[in-house]
DNA sequence: TGTTAGCACTCGCACCTAGTGAGTGCTAAC
DNA sequence: GTTAGCACTCACTAGGTGCGAGTGCTAACA
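Protein chains in written order, with the numbering used here: chain W, 1 to 347; chain Y, 348 to 694.
Below you can see the structure in the form of structure tokens.
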């Protein structure tokens with residue numbers, strides 16, 4: 001059976017109405033609200049066809065129709081008119097996003113919060129996977145006679161540091177020499193590359209004179225690298241789920257929140273997703289606990305290269321058009337602002 | 348009326364049973380379970396007295412008794428036997444807490460997570476308020492010809508930095524001079540002190556030669572200081588609330604989670620609390636939304652001075668003895684470990 | 001052949017009802 | 001002061017009823 005013009009129109013109306021009201025849509029309501037030009041009986045026939053084709057379901061005999069995941073997929077792919085944001089909305093996002101936050105993590109966290117506020121959904125963001133990021137600079141700074149700060153700057157602009165407490169005093173020359181030599185040795189190598197080298201051994205043989213100092217520093221160096229490789233997950237607006245009647249059931253709400261609380265699992269799911277804008281609806285999600293959710297993610301770029309992700313999760317009944325345009329605009333803006341602060345270097 | 352020995356025994360039994368089961372405790376159950384040596388009727392009389400005195404309440408005529416906030420207070424102050432942790436439990440906490448994390452924030456976040464895992468409650472931690480923290484060190488590091496890293500080290504060991512993109516190129520000497528001069532000017536001053544100075548103006552007149560560079564740096568300097576003054580809030584185990592039958596009501600759960608989601612409010616509440624171990628039970632909390640919760644906080648020290656806070660929030664029916672001993676042990680350990688990494692400096 | 005009106009039927013939901021059981025409060029006896 | 005006995009209370013549950021929104025089918029109509 002084919003999807004006739006009229007069937008599409010009816011389907012679209014059902015999806016639209018259900019997204020707004022969360023109530024199963026009946027034939028009478030439909031013909032009244034949307035002025036279809038045909039009687040409820042006709043609509044009923046069409047709806048019956050649509051159900052047979054898998055686009056609609058029936059919670060029970062005497063209830064209206066509810067769109068299936070397949071219907072949402074069709075809606076997202078072709079029926080939906082992509083909303084363009086008004087200039088005010090854009091302006092709002094731009095200003096909120098650029099409120100002079102300099103630290104990468106904070107900016108991303110901020111973006112997640114903004115996204116949940118606008119969409120009224122649960123939002124999340126992950127920092128880029130830094131395995132491809134390269135070391136640019138290693139610095140050792142004196143603090144007091146037995147304390148130094150070890151600082152690593154990556155090409156992406158990410159900075160990480162730690163305070164190291166030394167067993168023995170050090171000389172300024174030694175410190176300087178060591179940081180120069182470390183920079184010389186590791187500059188341009190990716191973080192993960194350096195981590196796989198047997199650093200502690202190789203470095204000691206190269207620079208016997210500094211071995212005592214290096215011995216103290218190296219383990220810290222490694223742990224900073226490890227930490228830099230971690231993907232951070234930020235989440236916001238998790239209580240927004242309560243505003244959806246489909247989550248008025250305590251068990252469902254609990255399951256949803258507990259799924260989000262398993263941050264490692266969730267991060268993994270996000271990392272494994274493809275790039276660009278990705279939408280997975282209901283049963284398209286591999287995770288069992290997401291069978292009633294839709295997940296939308298988009299990627300932002302740092303320095304035009306590294307990819308982080310930003311997105312929302314909510315019930316399959318979701319304002320896809322709005323959410324999509326907001327996410328798209330936000331990731332574009334994020335990428336743009338990370339280009340300005342982190343890029344265009346010429347050394 | 349006085350609290351006789353027997354009344355206390357009955358009250359303690361009711362509190363103990365209710366904490367475990369969350370069911371109102373009846374006279375018959377009590378005499379059976381706890382072998383009181385008296386008949387249910389006698390217990391009923393005593394319970395009636397206790398109710399008159401405000402220690403018990405009655406959800407409705409034909410239900411058992413439930414401890415009031417006043418009862419919990421008595422319990423916490425005198426009835427409760429403080430649990431001492433077993434050596435295994437201590438060992439578990441110690442090792443989990445010391446799993447070589449070097450960054451202050453991560454350690455605290457980690458501690459909050461551990462606390463929620465052990466107590467099965469919602470836990471939180473805030474970093475110290477840094478207003479009393481003093482500047483120790485300001486450093487400007489070259490990255491490329493128009494990018495420098497501005498880095499601030501505080502006496503507490505807290506480090507914060509940002510990448511600054513300059514409009515004009517800089518010289519290494521200028522950079523060095525500026526960082527030395529900034530360190531000289533601001534070292535030993537507290538963060539808030541420096542923030543209240545009209546830095547941008549005063550600094551410019553002092554060092555005319557470097558004004559271009561300083562002009563670029565100073566706004567970043569200020570925003571880092573501001574950020575360092577922020578108290579960070581970490582929270583964990585918020586879904587644990589669902590394991591309490593008293594939060595099986597969707598509205599209650601929602602209210603609880605939304606309260607926690609208002610991080611600014613919650614942080615403020617925590618900051619305003621006294622030091623040391625603080626317990627507030629039900630109506631002792633000033634916040635309306637916490638009337639059915641108990642809040643337990645304890646302070647940890649950084650470098651023996653600055654105070655951060657760690658604690659749990661949950662229903663008034665809470666295993667006070669267990670929770671208290673865990674929190675106490677954890678804050679002691681935290682303070683100890685922060686002493687080792689951040690302190691003992693002699694310059 | 002597609003569309004429509006009519007009507008029986010379905011089923012969730014809100015409401016009511018009575019029965020049950022845990023527990024209290026009171027009284028009178030020990 | 002303690003206890004047994006008993007009437008009473010009240011939340012909770014299960015079963016029953018009426019309502020209304022909505023379907024599905026059939027027969028008539030354009």
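Think of the CB as a built atom: it goes at the ideal place given N, C-alpha and C, for glycine as much as any other residue. In this text, all values refer to a predicted model and were calculated from it rather than measured experimentally.
- Against residue 604 of chain Y, the close residues of chain W are 239, in the order they occur along the chain (beta-carbon pairs closer than 7 Å).
- The beta carbons of residue 586 of chain Y and residue 257 of chain W sit closer together than 8 Å.
- Around the beta carbon of residue 236 of chain W, 16 or more other beta carbons sit within 10 angstroms, so the residue counts as buried.
- A check of alpha carbon separations from residue 322 of chain W across W/70, W/80 and W/137 identifies W/80 as the nearest.
- DSSP, reduced to helix, strand and coil, places residue 541 of chain Y within a helical segment of the structure shown.
- Here residue 118 of chain W is not near residue 160 of chain W, since their CB atoms are 8 Å or more apart.
- Here residue 672 of chain Y carries a helix assignment [DSSP, helix/strand/coil].
- With contacts defined by Cβ atoms closer than 8 Å, residue 281 of chain W and residue 324 of chain W do not form a contacting pair.
- In the assembly as shown, residue 457 of chain Y is a buried residue. Its beta-carbon has 16 or more other beta-carbons within 10 Å.
- If you draw a straight line from the Cα of residue 214 of chain W to the Cα of residue 496 of chain Y, it is about 24 Å long.
- For the set W/336, W/170, W/330 and W/313, the Cα lying nearest the Cα of residue 302 of chain W is the one of W/336.
- Counting the other Cβ atoms within 10 Å of the Cβ of residue 408 of chain Y gives fewer than 16, which makes it exposed.
- Partner residues in a beta bridge of residue 69 of chain W, as assigned by DSSP, do not exist.
- Neighbours of residue 186 of chain W in chain Y, taken as residues at a C-beta separation under 7 Å, are lacking, since the least C-beta distance is about 16 Å.
- Within the DSSP bridge table, the entry for residue 432 of chain Y names no partner.
- Inter-residue distance for residue 318 of chain W and residue 19 of chain W is about 6 Å (C-alpha atoms, whole angstroms).
- DSSP, reduced to helix, strand and coil, places residue 392 of chain Y within a helical segment of the structure shown.
- The beta carbon of residue 623 of chain Y sits closer than 8 Å to the beta carbons of 645 and 646 from its chain, once the five residues preceding and following it are set aside; these are given in chain order.
- Residue burial is scored here from C-beta neighbours: residue 536 of chain Y has fewer than 16 other C-beta atoms within 10 angstroms and is therefore classed as exposed.
- Within the DSSP secondary-structure output, residue 510 of chain Y pairs in a beta bridge with Y/496.
- Neighbourhood of residue 432 of chain Y in chain W, by CB distance below 7 Å: empty, with the nearest CB roughly 26 Å away.
- The beta carbon of residue 498 of chain Y sits closer than 8 Å to some beta carbon of chain W.
- In the three-state DSSP reduction, residue 53 of chain W falls in the coil class, being neither helix nor strand.
- Just measuring C-alpha positions, the residue of Y/611, Y/656, Y/414 and Y/503 sitting nearest residue 686 of chain Y is Y/503.
- Think of a sphere of 9 Å around the beta carbon of residue 355 of chain Y: no beta carbon from chain W falls inside it, the nearest being about 37 Å out.
- Listed in chain order, the positions of the stretch 477–490 of chain Y with a beta carbon within less than 9 Å of a beta carbon of chain W are 483, 484, 486, 488, 489 and 490.
- Under the three-state reduction of DSSP output, residue 471 of chain Y falls in the strand class.
- By the rule that beta-carbons nearer than 8 Å mark a contact, residue 234 of chain W does not touch chain Y.
- Under the Cβ distance rule, residue 242 of chain W counts among the residues neighbouring chain Y, one pair being separated by less than 8 Å.
- At a cut-off of 3 residues, the continuous stretches assigned as beta strand (DSSP E) that sit fully inside the stretch 549–622 of chain Y are 580–583.
- With a cutoff of 8 Å on beta-carbon distance, residue 501 of chain Y and residue 481 of chain Y are scored as near each other.
- Chain order gives the chain W residues near residue 504 of chain Y as 163, where near means a beta carbon separation below 7 Å.
- Under the DSSP assignment, residue 295 of chain W falls in the beta strand (DSSP E) whose first and last residues are 293–302.
- Partner residues in the beta bridge of residue 488 of chain Y, as assigned by DSSP, are Y/496.
- Taken in chain order, the complete alpha helix (DSSP H) segments of 4 residues or longer contained in the stretch 12–42 of chain W are 27–34.
- For residue 461 of chain Y, there is no enclosing beta strand (DSSP E); the residue is found in the alpha helix (DSSP H) stretching over 451–466.
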